[in-house]
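Working notes, beginning with the structure itself.
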Amino acid sequence: MTPSSSPAPDSRLPSTAQLANGARSFRLRMAVIDRETEAALDMTRDRYGRTLHAGVAEAARAHRDKTALEAYSIHLAPHADALLDTARYALDQLPPARHLTGWRAVLEGLATSTTEIRQALDQPATPGSPAERTQHANLWPHLTAWADHSVIASNLADQRDGQHHTAPLTGEEQQMWTERAQAAQRRGELDLTESWYAADGQPITLAYLVEDDDSTVVALRGDPGAPGWQVIGHYAHEYEAGKVLPAPVPPGVLRPDVSRFNRPVPAPEVSLQELIRDAVEAQQAGDASNALLSATQRGYDAGPMVRLQELLETSRQFASALETSQGRQIGARLSALGRQIEFLTREVEEAAEDLGATVAVLPPHRAPVLPTRPRPAVDTTPPVPPPRASTLARHR
């Protein structure tokens, strides 16, 4: 089968559903392998995230690489080329859209990874040898490429046999329903429930249109937070809408080079709870100052306050990348909050330095309190308890 042709009716190739299911099974297996590996690697680290047992960590990764290759051999190796050919054919049939160039590059990258993996499967290294470990380690990026991005190939295979939306509304009906939905939005009675992108790159949103205590499921095309969106259909329930509306395509990514299976080794960090405990246990001003300075530390092993600022900035980038009116508004809010955190971080640093310059210790009258009362000596007779009030009353 070539990229520009479809399989013949009597072809023995698997159906598009079978091809897509093989990729899904591989992704699920890789998710399990990833969780098991992370659990094993966590056992090799101290509480700050530093690796203490490098040999054990290396063995865990070697087991991961080998198990992932076995999963690929079972779920994808027999039909990877057929899946890619089917995906390419489906891609050629789609209307022009911004995301198609990126998808085509993904398919070509998966094809390259398929070739590399096939060569290794055809010429395996000696089992258990260092050469086998090296071979498997070199294949790991190609295996994770399939685990991260084969959802695009699977979706394209599904799209080939998927539903194609036909507008159920005339132009006049569409205008009427759009006006009703816009009026409900102004009243605060248009409840958005789900959003996705169709294969043509158009955003679609499901919403409940509430009128006089009655609700109708409507589908909107366009950005609900900006002028110009339209109602493209109304339905009795969401299941009915899902059967006739364009199927969703995989959402995008914030950063193109990020992989859930190739996360960088976490930088050593001290938790905020531990810093709080350090301040509680401090007896000198310098100890409490160090806890504050650790929270504001910058660089590779940044403190919690700096990490919080990084989180706000990354979330701002995400909100802006949504390319919606509401996303831009939220991005502006997060940007303002990030500036406030930066100002607060500098204030905390200055306060910490001033506290560290304070030559002082806690006064001795802040004596500790033992968690339990001292027990009497073993040969000491316990004191006689006082008589109860009810007993005294009877002897009066």
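Mind the numbering: the sequence shown is residues 0 to 395 in numbering that gives the first Met the number 0, read in order. Built from N, CA and C at the ideal position, the CB exists for glycine as well. These figures come from a predicted structure and were not determined experimentally.
Alpha carbon to alpha carbon, how far is L291 from L281? Give it in angstroms, no decimals.
-> Position 282 of the sequence shown holds residue 281. Position 292 of the sequence shown holds residue 291. Reading off the sequence shown, one finds Ala at residue 281, where the question assumed Leu. The straight-line gap from Cα to Cα measures roughly 12 Å.
Could you pull out every residue in the same chain whose Cβ sits closer than 8 Å to the Cβ of Q308, ignoring the five residues on either side in sequence?
-> Residue numbering aside, residue 308 sits at position 309 when the sequence shown is read from its first letter. Excluding positions up to five away in sequence, the list reads G337, I340, E341, T344.
Is R254 helix, strand or coil when you go by DSSP?
-> Start at 1 with the first residue of the sequence shown, and residue 254 comes out as number 255. Here R254 sits in coil by DSSP.
Going by beta carbon distance, what residues of the same chain come within less than 7 Å of S153, once the five residues before and after it are set aside?
-> Within the sequence shown, numbered from 1, the residue matching residue 153 stands at position 154. A19, A22, R23, listed in sequence order.
Do Y71 and V269 come within 8 Å of each other at the CB atom, strictly closer than that value?
-> Along the sequence shown, read from residue 1 onward, the residue named residue 269 stands at position 270. Along the sequence shown, read from residue 1 onward, the residue named residue 71 stands at position 72. Cβ distance not < 8 Å, so V269 and Y71 don't count as in contact.
Where do the N-terminal and C-terminal ends of the beta strand (DSSP E) with H98 fall, by residue?
-> Here residue 98 refers to the residue found at position 99 of the sequence shown. Per DSSP, H98 belongs to no beta strand (DSSP E) and is neither H nor E.
Nearest to E193 by CA position, among L369, D45, R332, V217, is which residue?
-> Sequence index remark: in the sequence shown, residue 193 carries index 194 (1-based). When each option's Cα is compared against that of E193, the closest is V217.
Sequence-distant residues of the same chain with beta carbon closer than 6 Å to E348, five excluded per side | For the purposes of this step, residue 348 is identified with residue 349 of the sequence shown, where counting begins at 1. T295.
Going by other Cβ atoms of all chains shown within 10 Å of its Cβ, with 16 needed for buried, is T177 buried or exposed?
-> As a position in the sequence shown, residue 177 is number 178, starting the count at 1. Buried, since its Cβ has 16 or more Cβ neighbours within 10 Å.
Under three-state DSSP, which class holds A392?
-> Position 393 of the sequence shown, counted from the first residue, corresponds to residue 392. With a pLDDT of only 47 at A392, under 50, the local geometry of the prediction cannot be trusted, and no value is derived from it.
Contact between the region 189–209 and the region 232–246 (3+ Cβ pairs under 8 Å) = yes
Between the CA atoms of Y88 and P6 - distance to the nearest angstrom | Taking the sequence shown and counting its residues from 1, one reaches residue 6 at position 7. Taking the sequence shown and counting its residues from 1, one reaches residue 88 at position 89. Below a pLDDT of 50, predicted positions are generally treated as unreliable, and P6, at 45, falls in that range; no measurement from the model is reported.
Ordered along the chain, which non-local residues of its own chain (more than five positions away) have a Cβ less than 7 Å from that of G396?
-> Only positions 0 to 395 of the chain appear in the structure, and residue 396 is not among them; the question remains open.
Delimiting residues of the alpha helix (DSSP H) encompassing H78 | Taking the first residue of the sequence shown as position 1, residue 78 is located at position 79. For H78, there is no enclosing alpha helix (DSSP H), as DSSP marks it with neither H nor E.
Extent of the continuous alpha helix (DSSP H) to which R46 belongs = Within the sequence shown, numbered from 1, the residue matching residue 46 stands at position 47. Note, R46: premise wrong, no alpha helix (DSSP H); not H, not E.
What residues are listed by DSSP as bridge partners for H233?
-> Taking the first residue of the sequence shown as 1, we reach residue 233 at position 234. In the DSSP output, where bridge partners are listed per residue, H233 has V217.
With a Cβ-Cβ cutoff of 8 Å, do R327 and S319 count as a contact?
-> As a position in the sequence shown, residue 327 is number 328, starting the count at 1. As a position in the sequence shown, residue 319 is number 320, starting the count at 1. In contact: R327 and S319 (Cβ atoms closer than 8 Å).
Determine contact between the region 224–238 and the region 121–140, defined as no fewer than three beta-carbon pairs at a distance below 8 Å.
-> no
Express the C-alpha separation of L321 and A206 in angstroms, rounding to a whole number.
-> Mapped onto the sequence shown, residue 206 falls at position 207. Mapped onto the sequence shown, residue 321 falls at position 322. Looking at the two C-alpha atoms, the distance is approximately 19 Å.
First through last residue of the beta strand (DSSP E) which encompasses T192 | Start at 1 with the first residue of the sequence shown, and residue 192 comes out as number 193. Here the beta strand (DSSP E) through T192 covers 189–196.
Name, in chain order, the residues that DSSP records as bridge partners for I73.
-> Along the sequence shown, read from residue 1 onward, the residue named residue 73 stands at position 74. The beta-bridge partner set that DSSP reports for I73 is empty.
Roughly how many angstroms lie between the CA atoms of M304 and L274, to the nearest whole one?
-> To locate residue 304, count along the sequence shown from 1; it is residue 305. To locate residue 274, count along the sequence shown from 1; it is residue 275. Looking at the two C-alpha atoms, the distance is approximately 12 Å.
Would the beta-carbon of R345 be found less than 7 Å away from any heavy atom of the ligand FMN?
-> In terms of ligand content, the structure shown is empty, and the ligand FMN therefore cannot be addressed.
Proximity to G187 [Cα-Cα], best of D211, Q174, P250, R254 | Residue mapping note: residue 187 aligns to position 188 of the sequence shown, counting from 1. Selected option, being the one with the closest Cα: D211.
Rounded C-beta distance between A301 and G355? I'm assuming under 8 Å.
-> Mapped onto the sequence shown, residue 301 falls at position 302. Mapped onto the sequence shown, residue 355 falls at position 356. Here A301 is actually not in contact with G355; their C-beta atoms are around 19 Å apart, not less than 8 Å.
Nearest to D256 (by Cα), restricted to the options D147, H135, G127 = Taking the sequence shown and counting its residues from 1, the one referred to as residue 256 is at position 257. Of D147, H135, G127, the residue nearest in Cα terms is D147.
Within its chain, find whatever has a CB closer than 8 Å to the CB of S4; leave out the 5 residues flanking it on each side and keep chain order.
-> Reading the sequence shown from its first residue, position 5 is the one you call residue 4. Caution applies to S4, whose pLDDT of 39 falls short of 50 and renders its modelled position unreliable; the model cannot decide the point.
Sub-8 Å separation of L109 and A144 beta-carbons = As a first step, residue 109 is located in the sequence shown; it is residue number 110 there, counting from the start. As a first step, residue 144 is located in the sequence shown; it is residue number 145 there, counting from the start. Yes; because the gap between Cβ atoms is below 8 Å, this pair is in contact.
For T85, the three-state DSSP class (helix, strand or coil) = To locate residue 85, count along the sequence shown from 1; it is residue 86. Helix.
Between which two residues does the alpha helix (DSSP H) carrying V305 extend?
-> One-based indexing of the sequence shown puts residue 305 at position 306. 303–320 is the span of the alpha helix (DSSP H), which, as asked, contains V305.
Opposing strand residues paired with Q283 [DSSP bridges] | Position 284 of the sequence shown, counted from the first residue, corresponds to residue 283. Looking at the DSSP assignment, Q283 forms a beta bridge with V360.
Mapping DSSP to helix, strand and coil, what is P249?
-> Here residue 249 refers to the residue found at position 250 of the sequence shown. Here P249 sits in coil by DSSP.
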